[in-house]
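Numbering (this note's numbering), first residue to last: 614 to 1080.
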């Protein structure tokens, strides 16, 4: 390269640096600019304050005199961008401050000319990441529909949102149970705290306990050094959403019950009690009453969770909301894909309204996205619909409706039977409280109840097993 070329390159670098300095003067976080060798060529005022040194003192000094990191120099030389490098910034008093560094390489004609280093306090960085991970995306406005069932549900949410009581959300898959849970959190006094969700069905049973309650160092092979907080700790001051609670193993149900009673946890492998400050919202699509009858779900936990029961109706029970939902998702996907909204033929709408929607809102959303992607014209006809909807005949729909009605009837009968059993238990308890639990007391209790002593003993044994 000739002297003239070298001089031109030097002028370009100086021009680039002046432009960078002008931009960095507006940034409130500490920023250092280094050359290809790692020597400081610029420090903004925020960096001067944190390092407690003026830019004049730092110019031409190697960045590692002020920033400790094993790999920072390597990344600068490689011209490799880095998003979250843990470093220690050393101020004039020698104090080591925890920061996170973001490195943006400066390249001219693919040659490394240096780097811009942006610094964020590590605790703040972690808080920002936590906010992104444990924030909420949905509010009550995201529950689309004007049907009486949805209007009543929204009214219930408005009433109970600011309470600290536990909520149990029931509803089929795809009905929007997590949307409802996030809406409750948004309206609660805890809305400044995190919303932490865990799907009890999606995490292997062997890992679920440590995910919920955390673990101490050395608790098991592969345990992280220093241990790890669980979801209860991460949700401090906010809401813990236990999705698919019906899939939680029985031994963990017992542990969860103890936490709800005592408001304290112990990490796996630990002995220290940790106070928890969370509101619990649980959700399930399962028939918990039948599970209790089959000893698959703890009755005492059920009553602890079911303080405020909420029911999200399936789409087939609120078909008056279908058109509003279709319009909502049509606008959403047309905007995303840069397309014009489409109209539906009367025959296509009839097919949609006749369909039983086993996948609920999730299936409807997928249908609209499918149509927006594949339909070229502006009119959606029967042939534009997915095969699963297009090919479902009225007879099949009638069969599905009858099957669903039978299922609902059985469900209601199961609930009624459960309530009868509950009342029977209360009568037995009251009789024993009156006559005592001695053999003679039990005989008198049986007579008062109009049953034999043997029947009373069998019922007491069943009650014991259920508990």
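Built from N, CA and C at the ideal position, the CB exists for glycine as well.
Residue nearest to residue 707 in terms of C-alpha spacing, selected from 723, 680 and 1001
680
For residue 800 versus residue 770, is the C-beta spacing smaller than 8 Å?
yes
Where does residue 1054 fall in DSSP's three states?
helix
Complete alpha helix (DSSP H) runs within the segment 887-917 (minimum length 4 residues, chain order):
901-906
Residue 796 by DSSP, collapsed to three states: which one?
helix
In whole angstroms, give me the CA-to-CA distance for residue 644 and residue 805.
30 Å
Of the residues 685, 825 and 696, which one's Cα is nearest the Cα of residue 727?
685
Do residue 923 and residue 869 have their C-beta atoms closer together than 8 Å?
no
Quick one: measure Cβ to Cβ for residue 812 and residue 856, integer angstroms, because I've assumed they're closer than 8 Å.
5 Å
Going by DSSP, what residue range makes up the alpha helix (DSSP H) through residue 947?
935-950
Please list the segments of the alpha helix (DSSP H) lying wholly inside the segment 790-872, counting only runs of 4 or more residues, in order along the chain.
790-800, 818-826 and 844-847
Contact defined as beta carbons within less than 8 Å: I believe residue 970 pairs with residue 977. What is the distance between those atoms, to the nearest angstrom?
7 Å
Measure the C-alpha to C-alpha separation of residue 939 and residue 996 and round it to an integer number of angstroms.
17 Å
Identify the continuous beta strand (DSSP E) that holds residue 648 and give its terminal residues.
644-648
For residue 590, tell me which candidate among 956, 817 and 1002 has the shortest Cα-Cα distance.
Only positions 614 to 1080 of the chain appear in this structure, which leaves residue 590 out of reach.
Between residue 890 and residue 854, what straight-line distance do the alpha-carbon atoms span, to the nearest angstrom?
13 Å
Classify residue 916: buried if its beta carbon has 16 or more other beta carbons within 10 angstroms, exposed otherwise.
exposed
Grab the span of the beta strand (DSSP E) containing residue 783 for me, first residue to last.
780-783
Euclidean distance between Cα positions of residue 994 and residue 927
25 Å
Give a yes or no on contact between the segment 697-704 and the segment 650-664, applying the rule of three or more CB pairs nearer than 8 Å.
yes
Would residue 803 and residue 824 be called neighbours here (beta carbons separated by less than 8 Å)?
no
On the three-state DSSP scale, how would you describe residue 679?
coil
Within a Cβ cutoff of 6 Å, which residues of the same chain sit near residue 794, ignoring the five residues on either side of it in sequence?
854 and 894
Residue 1051 versus 723, 948, 1069 and 650, residue with shortest Cα-Cα distance:
1069
Check whether the Cβ atoms of residue 785 and residue 898 lie closer than 8 Å to each other.
yes
Buried versus exposed, by CB contacts within 10 Å (16 or more), residue 752
exposed
Take residue 949 as the anchor and find which of 986, 717 and 959 has the nearest alpha-carbon.
986
Expected contact under 8 Å - CB spacing of residue 880 and residue 840 to nearest Å:
6 Å
Can you confirm whether residue 732, when its beta carbon is compared against all beta carbons of chain C, has any partner nearer than 8 Å?
In the displayed structure, chain C is absent; only one protein chain is listed.
Tell me where the alpha helix (DSSP H) around residue 755 begins and ends.
Looking at the DSSP string, residue 755 is not in any alpha helix (DSSP H), and its letter there is neither H nor E.
Is residue 935 closer than 8 Å to residue 966 when the C-beta atoms are compared?
yes
Rounded to whole angstroms, what's the CA-CA distance from residue 865 to residue 887? Just pull it up for me.
17 Å
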